[in-house]
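*Asks:* Heads up: the sequence shown begins at 2 in the working numbering, then just goes up one per residue.
Note that CB positions come from ideal geometry on N, CA and C, so glycine has one too.
Since the model is a prediction, treat every value here as computed from it, not as a measurement.
Take a look at the following structure, please.
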Amino acid sequence: RLEEEASAESAPEQGRELLSRLRGDCHLHSDWSDGGSPIEEMGRTAAELGHGWAVLTDHSPRLTVAGGLSPERLREQLAVVARLNEEWAPFRLLTGIECDILPDGSLDQEPELLEQLDVVVVSVHSKLRMDPAPMTRRLEAAVRHPQANVLGHCTGRLLSGRGR
């Protein structure tokens, strides 16, 4: 059914209608981690699309393959975002991170830095094949963290219906 809807002649118009109703984007990776664009370009593009805000959620340190942000780099990024927000008002780039959930359920970033962020997405990127009971405890511990706002990849990154 989704494929039929996607291939319908009205799909482009429906896409434009949906895009016009969007107010922001909750999960952006910049070229500070594994994204392809600089923060400045991403913010300008979001504003041009009519968004009022976007959330920058680059990866945390443990995810080295994605260029995860060390505490020092995250502090630098916070300063960059503060400067850009002064220039871009009323558009606002919210500060955030996609924080790796470690095997014990703790989060991969300094607690005092997490407290400074607008949005903390917590996600599992390693040890994906844990037995169900320990994985459940891991996820429960992470979502109970006082700074956790969003659980990312909560389906175990399994996609269906896309030929995968």
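1) So if DSSP puts Cys-100 in a beta bridge, which residue, or which two residues, is it bridged to?
2) DSSP state of Gly-69, grouped into three classes?
3) Could you tell me the distance, in whole angstroms, from the CA atom of Phe-92 to the CA atom of Asp-132?
4) DSSP puts Leu-152 in a beta bridge; with which residues?
5) Three-state secondary structure (DSSP) at Ala-55?
6) Taking C-alpha atoms, which residue in Ser-61, Glu-141, His-126 and Leu-85 lies nearest to Pro-39?
7) Mind checking which residues open and close the beta strand (DSSP E) that includes Gly-25?
8) Could you check what DSSP says for Leu-95 in three-state terms: helix, strand or coil?
9) Name the DSSP bridge partner or partners of Ile-129?
10) Distance check for Val-56 and Leu-118, CA to CA, integer angstroms please.
11) Let's test the definition: count the other Cβ atoms within 10 Å of the Cβ of Pro-72 and tell me whether it reaches 16, buried, or not, exposed.
12) Less than 9 Å between the beta carbons of Val-120 and Thr-96, yes or no?
13) If you measure between the beta carbons of Ala-90 and His-126, is that distance less than 9 Å?
14) In three-state DSSP terms, what is Cys-64?
15) Does DSSP put Leu-108 in a helix, in a strand, or in coil?
16) Can you tell me whether DSSP reads Leu-90 as helix, strand or coil?
*Replies:* Working from what's here:
1) Bridge partners of Cys-100: Val-123.
2) Reduced to three states, the DSSP call for Gly-69 is coil.
3) Straight-line Cα distance between these residues: approximately 44 Å.
4) Looking at the DSSP assignment, Leu-152 forms a beta bridge with Val-123.
5) It is a strand residue.
6) Selected option, being the one with the closest Cα: Leu-85.
7) Counting along the chain, the beta strand (DSSP E) containing Gly-25 begins and ends at 25-29.
8) Leu-95 falls in the strand class under three-state DSSP.
9) Checking the sequence shown, residue 129 turns out to be Leu, not Ile. Bridge pairing for Leu-129: absent [DSSP].
10) Each residue's Cα considered, the two are about 10 Å apart.
11) So Pro-72 counts as exposed.
12) Yes, they are a contact pair.
13) Contact flag unset, no.
14) Here residue 64 is Leu; the residue named in the question, Cys, does not match the sequence. Here Leu-64 sits in coil by DSSP.
15) Strand at Leu-108.
16) Checking the sequence shown, residue 90 turns out to be Ala, not Leu. Looking at Ala-90 - three-state DSSP - the assignment turns out to be coil, as it is neither helix nor strand.
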